[in-house]
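*Asks:* Quick one: this structure, given as structure tokens, is what I'll be asking you about.
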Amino acid sequence: MIVFASGSETDHLALLKFRESISTDPYRIFLSWNTSTHFCNWKGITCNPMLQRVTKLNLEGCKLKGFISPHVGNLSYLRNFNLQNNSFYGEIPQELGRLSQLQQLSVVNNSLVGKIPINLTGCTNLKFLYLYGNNLIGKIPTEIGSLQKLQDVDIGRNQLSGGIPSFIGNFSSLTDLYVAENNLEGDIPQEICRLKRLTIVALDFNKLSGTFPSCLFNMSSLTVISATGNQFNGSLPPNMFHTLPNLLVLYIYDNQISGQIPFSITNASILLELDIGDNHLVGQVPSLGKLQDLYILSLSQNNLGDNSTNDFEFLKSLKNCSKLEVLSISYNNFGGHLPNFLGNLSTQLSQLYLGGNQISGEIPAAIGNLIGLTLLGIENNQIDGIIPTTFGKFQKMQVLEVSANKLSGEIGEIVAFICNLSQLFHLGMTENMFEGNIPPSIGNCQNLQYLNLSQNNFKGTIPPEVFNLSSLTNLLDLSQNSLSGSIPKEVGNLKHLDWLDISENHLFGDIPITIGGCIMLEYLYLQGNYLQGIIPSSLASLKVLRRLDLSQNRLSGSIPNVLQNISSLQYFNISFNMLDGEVPTEGVFQNASDLVVIGNNKLCGGIFELHLPPCPVKGKKLAKHHRFKLMIATIVSVVAFLLILSIILTIYWMRNRSKKSSLDSPIIDKLAKVSYQSLHNETDGFSTANLIGFGNFSSVYKGSLEDKIIAIKVLNLQRKGAHKSFISECNALKNIKHRNLVQILTCCSSTDYKGQEFKALIFEYMRNGSLEEWLHPRTVSAEHSRTLNLDQRLNIMIDVSSALHYLHHECEQSVIHCDLKPSNVLLDDDMIAHVSDFGIARLISAIDGTSSQQTSTIGIKGTIGYAPPEYGMGYEVSMDGDIYSFGILMLEMLTGRRPTDEIFEDGETLHNFVKKSYSDILLQILDPSLIPKHEEATIEEENGQNITPTIEKCLVSLFNIGLACSIESPKERMNMVNATSELNKIRKVFLSGKLFKTASVAENVVYETVQRSNSTFYIPHFLNL
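With the sequence shown counted from 1, adding 79 to any position gets you our numbering.
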């Protein structure tokens, strides 16, 4: 029994009370908090070695759930209290105010509520106050104005109200102030200018208004001013960049700032990032040539320029900005021609936004020198001429937007070099004067997700190759051209497309029934053509269709009743055709405002609001004739039924005689078989000592065969569906071979010693177990716990994606795994991952894309948390389902959280948890085992970053892929080809140590919080279109 001094006993009891307040401890941290060990040796505890008193309580990232015990207030020597990145709830105890020696309080990223405790005034030595990412309410209490030693305050992302208090001027030692993402309003108090050491001020996304205090621009210590998304007005002082000599970052995007850009910016030589977009700035842009370290410049959505030939003079000076990566001057009033010296800008330039101005003339060929471009937007101008062939040099281009100009040229010539841009996935050419026949070679644009060729002068037929672009997911728009011929039957290949518009052309012929294969379509526009024939019933297969326009064609026949079963349909226009018969009354047909039927003179019935004539009642003679026909049909049907029934019974009797051989032989003939006896002997009678795993339909034993260690998967045939699972796995595995798939060695289909049926599959033995065991080890002791570093996790992600890529796209008969999860990913001696367990896999016909029902386990579609949401709504399994599971697997590998963790309640999911957090608080959602630890770090050192910029960029890119794969809507998910490609790029950068940047793809700007020296401010990121 350990005996404590009186003061130590107080600390001991306080810690025990703190432990009692914890309801969830997934890492079993508190196993070490026992009476056999001195509390100074407990995990998370640091003591003063002389006094044996607690000075530090650090349980950051332990995934704890509970409330903060008020007994913490008895730890009178506590200097550092860190509960960051857990799930603590309730209020912050007032008793913390008794901790007079406390220097750092961090409860970042929890679920705390209530107000900021006024008793914190007792923490007279407090230097670092981090309350970011909770649900705190109320005003900032005036009482904390007495904490004059505060150096860093982060109370962002809460629900605080009121204004920024004037007592902020009392914090004479304050360097970082972060109050972003609250509901603060009013002016910035003048007292802020008394903070002579202030370096970072972040006020983003509040309701602050008024003008910036003039003294703010005289605070020479400031390095970052971030005030995006408020209502600030007034103008910027002309000399502000002289009086802010250390300014690195200025973000005042989305305010109401007016006037001109201060001329003093010409001397802001150390400025790195400038975003003053979405304001009311006017005038010309000054020379920026001295800003040689500038890498982000956004002036978009203002009124800059005066539509003159001098508007682009400032671009000449940017040739000295060799680090410039993002240049956005879109949606201003810039005019004149694009200058040739545009091609002299930095080859590091990745995104160039010029859209929405008054630019005229031709595109200079020299722009092709900007070989680093991933995005070029010149839409909504008055540019004419042709697209230069030098665009073919844009080998990194992902988004090319030239819509709404006066460009011309033959589409065939343009496609010849555009489709060589292998990374291009967005091509917008609408509203121009391009002409010619769309060439079959457009099928070479294999990565296009968005293709808009509408409102041009194209003619000829639509080449089937357009519809073979399986990558198309967002939009295909060929409307308002002069295209002719019929709609190719290949249209049904666009299984992932969201929007299809081929309206206002000269198309004729029937609507192909294959259009029902476009199962993810939400918008379908075929109006304004010469289409004829009936409306195909296959349109009812478009279960997520929202808008359907078939108007102004020559369609005939009746409206298929099955269309009223499309529950998502919100608008249906069939006006001005030649339809007849009764209009249905359910679904979209029951609301006149959603339905347009005018111009079809032979339609009848429907709801009253359509004002159609009633359908005619048949005469008596006709009724009698129908009754006679019905009687004849009934007699024929009964005879046919009896005949078919007798045939079925005969076949069933014949098959039942040889049931066993008919089920097994075709499936396992290709596999060499092993006897039950040999398996029984090699596993010591299937003893529990050799049991290494079990699942829904089977148990897995370790054994040996011909001096080789093997894994034996024994089917539990008493379980319903086990026999089908056996058949499914045999069918899935017999013809596939890949380094990242578990290899089947042989099988056994026999009887055991009791005469009962016995089936088993024999696989290679994976010595390092499953990924599940590495991500969530049963013990976290230093001696036994196994962890994966980032390099290993990245390799495993690539291994799994490669396996799925092979199953989906390279097998003769595509395979859908249906149950991808960590326990089904096995690791060999070299930590190479192998995907296993194909017991509920589906085979997909390479001809028509249909799934083979006889090889699947009926009713089973994966594991909760990993199965995609559409499976729960009855949708057929698909490759998109595997992609969703892979995305969740990636996020679990990065965060260390299962998708079924307790924190994911009330509709919260792992995807949403990461999406709203990863870009702001990467370190806080990252699996703690991936973050380097520095045991001897001081408080100040702990506030620094432990992850290099390169690794952080790689992690953000990995999170992006995981999120893109696990989007709720199947049509929006990243495909496996792109996911595998991107992962390999990340690995290459990770190994080489170079900076990897995921190219941005649109004009829209969002802001991402980044912590630097434990202070957070916003940097702009340009989102995908």
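Glycine residues also receive a C-beta, built at the ideal position from the N, C-alpha and C atoms.
Which residue from L287, V328 and P316 puts its Cα closest to that of L301?
*Replies:* Here residue 301 is taken as the residue at index 222 of the sequence shown, counted from 1. The option with the nearest alpha carbon to L301 is V328.
*Asks:* Is it buried or exposed for E88, if we count other Cβ within 10 angstroms and need 16 for buried?
*Replies:* The residue given as residue 88 occupies position 9 in the sequence shown. Label assigned to E88: exposed.
*Asks:* Roughly how many angstroms separate the alpha carbons of S620 and N262, rounded to a whole number?
*Replies:* Along the sequence shown, read from residue 1 onward, the residue named residue 620 stands at position 541. Along the sequence shown, read from residue 1 onward, the residue named residue 262 stands at position 183. Taking the straight line joining both Cα atoms gives about 47 Å.
*Asks:* Give every residue of the same chain whose Cβ lies closer than 7 Å to the Cβ of S396, excluding the five residues on either side of it in the sequence, and list them in chain order.
*Replies:* Looking up residue 396 in the sequence shown gives position 317. Cβ neighbours of S396 beyond the five flanking positions: S366, L367 and G368.
*Asks:* Starting from the C-beta of I197, find all residues in its chain whose C-beta is less than 6 Å away, skip the five residues before and the five after it, and write them out in chain order.
*Replies:* The sequence position of residue 197 within the sequence shown is 118, counting from 1. So the list reads P220 and E222, once near-sequence residues are dropped.
*Asks:* Here's the rule: buried if 16 or more other CB atoms are within 10 angstroms of the residue's CB, otherwise exposed. What is Y780?
*Replies:* Reading the sequence shown from its first residue, position 701 is the one you call residue 780. Counting Cβ neighbours within 10 Å, Y780 comes out buried, since at least 16 surround it.
*Asks:* Would DSSP call N159 helix, strand or coil?
*Replies:* Along the sequence shown, one-based indexing puts residue 159 at 80. It is a strand residue.
*Asks:* List in chain order: all unbroken beta strand (DSSP E) runs of 3+ residues lying wholly within the stretch 321-365.
*Replies:* The qualifying runs are 328-330, 337-339, 352-354 and 359-362.
*Asks:* Can you name, in chain order, every residue of its own chain whose Cβ lies under 6 Å from the Cβ of N903, other than the five neighbours on each side?
*Replies:* Within the sequence shown, the letter at position 824 stands for residue 903. Around N903: S915 and D916.
*Asks:* Would you kindly work out how many angstroms separate the C-alpha atoms of L433 and S565, rounded to a whole number?
*Replies:* Taking the first residue of the sequence shown as position 1, residue 433 is located at position 354. Taking the first residue of the sequence shown as position 1, residue 565 is located at position 486. The alpha-carbon atoms of L433 and S565 are separated by roughly 38 Å.
*Asks:* Counting along the chain, where does the alpha helix (DSSP H) carrying K833 start and finish?
*Replies:* Within the sequence shown, the letter at position 754 stands for residue 833. No alpha helix (DSSP H) contains K833, which DSSP labels as neither H nor E.
*Asks:* Can you tell which of G944, G338, N640 and S377 has the C-alpha that lies nearest to the C-alpha of L353?
*Replies:* Within the sequence shown, the letter at position 274 stands for residue 353. Looking at the Cα atoms, S377 is the closest of the given residues.
*Asks:* Does the stretch 1058-1066 come within contact of the stretch 1038-1048, defined as at least 3 CB pairs closer than 8 Å?
*Replies:* These segments touch.
*Asks:* Kindly indicate the opening and closing residues of the alpha helix (DSSP H) around K395.
*Replies:* For this step, residue 395 is matched to residue 316 along the sequence shown. Segment E392 to S396, the alpha helix (DSSP H) holding K395.
*Asks:* Threshold first: 3 residues or longer. Then list the beta strand (DSSP E) segments lying entirely within the stretch 620-664, N to C.
*Replies:* Entirely contained in the stretch 620-664, the beta strand (DSSP E) runs reaching 3 residues are, in chain order, 626-628, 633-636, 650-652 and 657-662.
*Asks:* What is the rounded straight-line gap between the Cα of E971 and the Cα of I943?
*Replies:* Numbered from 1 along the sequence shown, position 892 holds the residue referred to as residue 971. Numbered from 1 along the sequence shown, position 864 holds the residue referred to as residue 943. Straight-line Cα distance between these residues: approximately 14 Å.
*Asks:* With the cut-off set at 9 Å, would you say L618 and Y650 are in Cβ contact?
*Replies:* Position 539 of the sequence shown, counted from the start, is the residue given in the question as residue 618. Position 571 of the sequence shown, counted from the start, is the residue given in the question as residue 650. Going by C-beta atoms, L618 is not nearer than 9 Å to Y650.
*Asks:* Tell whether a beta-carbon distance below 9 Å holds between N381 and H359.
*Replies:* Translated into positions along the sequence shown, residue 381 becomes position 302. Translated into positions along the sequence shown, residue 359 becomes position 280. The answer is yes: Cβ separation under 9 Å.
*Asks:* Check whether the stretch 145-154 touches the stretch 123-130, counting contact only when three or more Cβ pairs, one atom from each stretch, lie closer than 8 Å.
*Replies:* With the cut-off at 8 Å, the stretch 145-154 and the stretch 123-130 do not touch.
*Asks:* Buried or exposed: which applies to F284, given that a residue is buried once 16 or more other Cβ atoms fall within 10 Å of its Cβ?
*Replies:* What you label residue 284 is simply residue 205 of the sequence shown in a count that begins at 1. F284 is buried by the Cβ-count criterion.
*Asks:* Name the DSSP bridge partner or partners of C683?
*Replies:* The residue you call residue 683 lines up with position 604 of the sequence shown. Paired residue(s): E661.
*Asks:* In chain order, what residues of the same chain have a beta carbon less than 7 Å from the beta carbon of K792, not counting five sequence neighbours either side?
*Replies:* Looking up residue 792 in the sequence shown gives position 713. Cβ neighbours of K792 beyond the five flanking positions: S777, V779, A839, L840 and F842.
*Asks:* Going by beta carbon distance, what residues of the same chain come within less than 7 Å of F97, once the five residues before and after it are set aside?
*Replies:* By one-based count along the sequence shown, residue 97 stands at place 18. Correct list, in chain order: S148, H150 and V151.
*Asks:* Which runs of the beta strand (DSSP E) spanning at least 3 residues fall entirely within the stretch 226-299, listed in chain order?
*Replies:* Runs found: 231-233, 255-257, 279-281 and 286-290.
*Asks:* How many whole angstroms separate the CB atoms of L274 and G248, which I take to be in contact at a CB cut-off of 8 Å?
*Replies:* Sequence index remark: in the sequence shown, residue 274 carries index 195 (1-based). Sequence index remark: in the sequence shown, residue 248 carries index 169 (1-based). Indeed they touch by this definition, with Cβ atoms about 7 Å apart.
*Asks:* With a threshold of 6 Å on Cβ separation, who are the neighbours of N572 within its own chain once the five nearest residues in sequence on each side are excluded?
*Replies:* As a first step, residue 572 must be located in the sequence shown, where it is residue number 493. Here the set comprises F546 and N547.
*Asks:* Going by DSSP in three states, A790 sits in which element: helix, strand or coil?
*Replies:* Against the sequence shown, residue 790 aligns to sequence position 711. Of the three classes helix, strand and coil, the one that applies to A790 here is strand, per DSSP.
*Asks:* Check this for me: beta carbons of S654 and V675, under 9 Å apart or not?
*Replies:* Looking up residue 654 in the sequence shown gives position 575. Looking up residue 675 in the sequence shown gives position 596. A contact, by the Cβ cut-off of 9 Å.
*Asks:* Roughly how many whole angstroms lie between the Cα atoms of A671 and L691?
*Replies:* Position 592 of the sequence shown, counted from the first residue, corresponds to residue 671. Position 612 of the sequence shown, counted from the first residue, corresponds to residue 691. A671 and L691: Cα-Cα distance of roughly 12 Å.
*Asks:* What residue from L796, V821, N819 and Y844 has the CA that sits closest to S829's CA?
*Replies:* Position 750 of the sequence shown, counting from 1, holds the residue named residue 829. Selected option, being the one with the closest Cα: L796.
*Asks:* What's the gap between the Cα of T929 and the Cα of S957?
*Replies:* Start at 1 with the first residue of the sequence shown, and residue 929 comes out as number 850. Start at 1 with the first residue of the sequence shown, and residue 957 comes out as number 878. The predicted position of T929 is uncertain, since its pLDDT is 47 and thus under 50; a value taken from the coordinates is nonetheless stated next. Spanning the two alpha carbons is a distance of roughly 10 Å.
*Asks:* Could you tell me how far apart the beta carbons of L239 and C202 are, in whole angstroms, since I believe they sit closer than 8 Å?
*Replies:* The residue labelled residue 239 in the question sits at position 160 within the sequence shown. The residue labelled residue 202 in the question sits at position 123 within the sequence shown. Not really, about 19 Å apart at Cβ, beyond 8 Å.
*Asks:* For R977, does the three-state DSSP call read helix, strand or coil?
*Replies:* On the sequence shown, position 898 is the one that residue 977 refers to. Coil, per DSSP.
*Asks:* Ends of the alpha helix (DSSP H) at L1042?
*Replies:* Translated into positions along the sequence shown, residue 1042 becomes position 963. Per DSSP, L1042 belongs to the alpha helix (DSSP H) from P1028 to C1044.
*Asks:* Among the residues of its own chain, which have a CB less than 6 Å from the CB of T469, if the five just before and after it don't count?
*Replies:* For this step, residue 469 is matched to residue 390 along the sequence shown. These residues qualify, in order along the chain: A444 and G447.
*Asks:* In chain order, what residues of the same chain have a beta carbon less than 8 Å from the beta carbon of S533, not counting five sequence neighbours either side?
*Replies:* Sequence index remark: in the sequence shown, residue 533 carries index 454 (1-based). Cβ within range, chain order: T509, E510, D556, L557, S558, Q559, N560 and D580.
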